[in-house]
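These notes concern the structure reproduced below.
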Amino acid sequence: NANDGISIAQVAEGALGEVTNALQRMRELAVQSANDTNSAADRASLQKEVAQLQQEISRIATQTQFNGKNVLDGSFANGVFQVGAYSGQTISFGIGSAKATDIGSHQVASQGHIGNALAAAADATANNGLDAQTLTVSGSTGSAAVALSGGETAKAVADLVNAQSVTTGVTATATNSASVGSLSAAGTVSFNLYGSNSSAVAISATVGSTSDLSALADAINAKTAETGLTAELASNKASFTLKSADGYDIKIENFVHSGDAGETLAVEGQTLTGPTGGTPAGTDSLVVGGKLEFNSSTAFSLSSSSGTELLTAGTVGSSLSSVGALNIGTQVGASNALAVVDGALAFVDDLRASLGAVQNRFSSVVASNQATAENVSAARSRIQDADFAAETANLSRAQILQQAGTAMLAQANQQSQNVLSLLR
C-alpha cells in the first residue's frame, strides 16, 4: 500500500513538472509581450500560444490519473492509505487542483490617495493622508500585524509587508503614477518635485503651447536620477504620466506659472493653481500616494484598524487572478500576467514539494515495515525453530551414550556366555 502511495505521488509530480514547463513558457511570452517594441499583431500572435498553453495545463490537470482516479483536478483532496496491519495505521494526503482556472495569484489592490495642501503661503505641505494604523495580513501559513505610524509611502508599506512574507506567504508590490495635463496657459512652469528624494528638486520648463507639454516632460526626465520619477508623454503631447516604479509618493510643491494670473495644471484629477498677482494660491501643492498590490499563491485576507486609505472598511479577502484568464494581447495585460504566472509557479512548486515530502514519508514507511517484518520473523524463529548448535551437541551426546550402552550390553552378553561354558 505504501508503495502505491509512492507511485501515485510520482505520477502527480511528473505531471506537475509539465505544468511548470508550460507556466515558464507563458512567463517568457508575457515578458516578450510586455516589451514596447511589439505591435498589436505581434502580441496577438503571442496570445495564441498562451491560449494553447492554458488548454494544455487544464488537459494535464483533468486527465492525469492513477488507477482510474483523477489526481490533479482537485478531486483527490484526501487520499487515505492503509500502511500498517491494524486499524488507524494510515497516511492521508491531498493534492490541490492544477487546472488553469484554479491556479494563479490571489490579489488585493489598495486604494490610492491624493492629498492637497491646505495652504501654500506658509509651511503647509501636502501629505498622502495615510493614518497611523495596524494592517493585519492573514495568509495560509500564518498572520502578522504590520504597524504603520502614518504617512508612509506605498514603498515603505510594501517593505514592511514583505518583511513578514515568510510568516504570511503574502507579498506586496508598490507602484505609483499620476496623469498631468490641462495646463490653462502657455508660459514658464516651475515647481519642486519629490519622489525618492527628500530634498526639493527644482523643475522648470517653458511651455510654448498648452497642447504640447514635451518640454515639461523632458525637464522632469532630466532629473530622474535624483527623483526616481519618469514622465511618459502621451501620443498627443497634451499630457504625460508621472511614474514611480518603486511606489514612492509623487509630490509637487509650490506650483508657479509665469503668467501670475492663477493659471492651473491638473494632476491626477486635482487642480494645482499658481499665484495671482504674486499671492500664492491655496492649492499649489499636492501628493499622489502610491498603490499597493498584495499577492499570494493561496487565498488571504487583509484588515486595517483605522482609516480607509489602504483598504475599504472591514476585512478584505483576496480574489484569484487565474492563469486561465490571462491575456497578453496588450502591454498592460502582459505586465499583469507576470504576477499571475509567478503566483501559479509558487503554488505548483508548493504542490511538488509536498508530493516529494510524502514520497519520502512513504519510503520511510516501506523501510520501517520491512525492518519490522524481518524482526518479527526473527523473533518467531527464535521461538519456533530449533537451535541447531544445541541440538547437534545433544545428538552427539545421545549417540555416544547409545554406543556406550551397546558396548556394555555386548560385554555383558559375552560374560554370560563365559559362565555357561564353565558349567559344561
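First residue of the sequence shown: -13, per my numbering; consecutive thereafter. Don't be surprised by glycine CBs; every beta carbon is placed ideally from N, CA and C.
Secondary structure at Glu249: coil, using DSSP grouped into helix, strand and coil.
Lys34 sits in a helix when the DSSP states are folded into three classes.
Thr120 has its alpha-carbon roughly 9 Å from the corresponding atom of Ser135. Between Val156 and Val273, the alpha-carbon positions lie close to 28 Å from each other.
Under DSSP, Gly65 takes part in a beta bridge, and its partners are Phe79. Its chain contains His243, Ser244, Gly245 as the residues whose beta carbon lies nearer than 6 Å to that of Gly173, once the 5 sequence neighbours on both sides are disregarded; these appear in chain order.
Between the alpha carbons of Leu228 and Lys237 lies a gap of roughly 10 Å. In this chain, Ile(-8) is not harboured by any beta strand (DSSP E); it is covered by the alpha helix (DSSP H) spanning -12 to 20. For Ser124, the enclosing beta strand (DSSP E) starts and ends at 119 to 124.
Put simply, of Val327, Glu360, Arg338, Ser289 the residue whose alpha carbon is nearest the alpha carbon of Ser96 is Ser289. Put simply, the backbone Cα of Ala118 is about 19 Å away from that of Ser124. No residue range can be given for Asn183, since it is assigned to no alpha helix (DSSP H) and is classified by DSSP as neither H nor E. In this structure, Ala86 sits near Gly310, with a CB-CB distance shorter than 8 Å. The three-state secondary structure of Phe348, taken from DSSP, is helix. Gln40 sits in a helix when the DSSP states are folded into three classes.
Counting only the Cα atoms, Phe333 lies some 16 Å from Phe280. Ala140 is positioned such that its CB atom lies no closer than 8 Å to that of Gly255.
Judged by beta-carbon spacing, Val302 lies beyond the 8 Å limit of Gly90, meaning their Cβ atoms are not closer than that value.
Residues of the same chain with a CB within less than 6 Å of the CB of Ala16, apart from the 5 flanking positions on each side, are Ile314, Ala320, Ala323, Leu324 in chain order. DSSP lists Val274 as the beta-bridge partner residues of Ile236. Assignment of Thr48 by DSSP, reduced to helix, strand and coil, places it in the helix class. With a 10 Å radius around the Cβ and a threshold of 16 neighbouring Cβ atoms, Asn162 comes out buried. Boundaries of the beta strand (DSSP E) harbouring Ser225: 225 to 230, taken from the DSSP string. Rounded to the nearest angstrom, the gap between the Cα atoms of Ser151 and Thr358 is 43 Å.
The beta carbons of Ser304 and Ser287 sit about 7 Å from each other, so the pair counts as a contact at 8 Å.
Shortest Cα-Cα distance from Asn53 to any of Gln400, Leu331, Phe348, Gly(-9) involves Gly(-9). Leaving aside the five residues that flank Ala71 on each side, none in its chain has a CB nearer than 8 Å to its CB.
Within the same chain, Cβ atoms closer than 7 Å to the Cβ of Phe177 are found at Ile189, Ile238, Glu239, Asn240, Phe241, Val242, the five residues on either side in sequence being excluded. Between the alpha carbons of Asn21 and Thr316 lies a distance of about 10 Å.
Where Ser197 is concerned, there is no enclosing beta strand (DSSP E), because DSSP gives it neither an H nor an E. Judged by DSSP in its simplified three-state form, Lys55 adopts strand. In this structure, Leu219 keeps its C-beta atom at 8 Å or more from the C-beta atom of Val193.
Relative to Leu202, the option among Thr392, Thr210, Ala217, Leu9 whose CA is nearest is Ala217.
In the DSSP assignment, Glu218 is bridged to Thr227. Between the alpha carbons of Ser407 and Gln400 lies a distance of about 11 Å.
Burial check for Gly342: the Cβ neighbour count within 10 Å stays below 16, so the residue is exposed.
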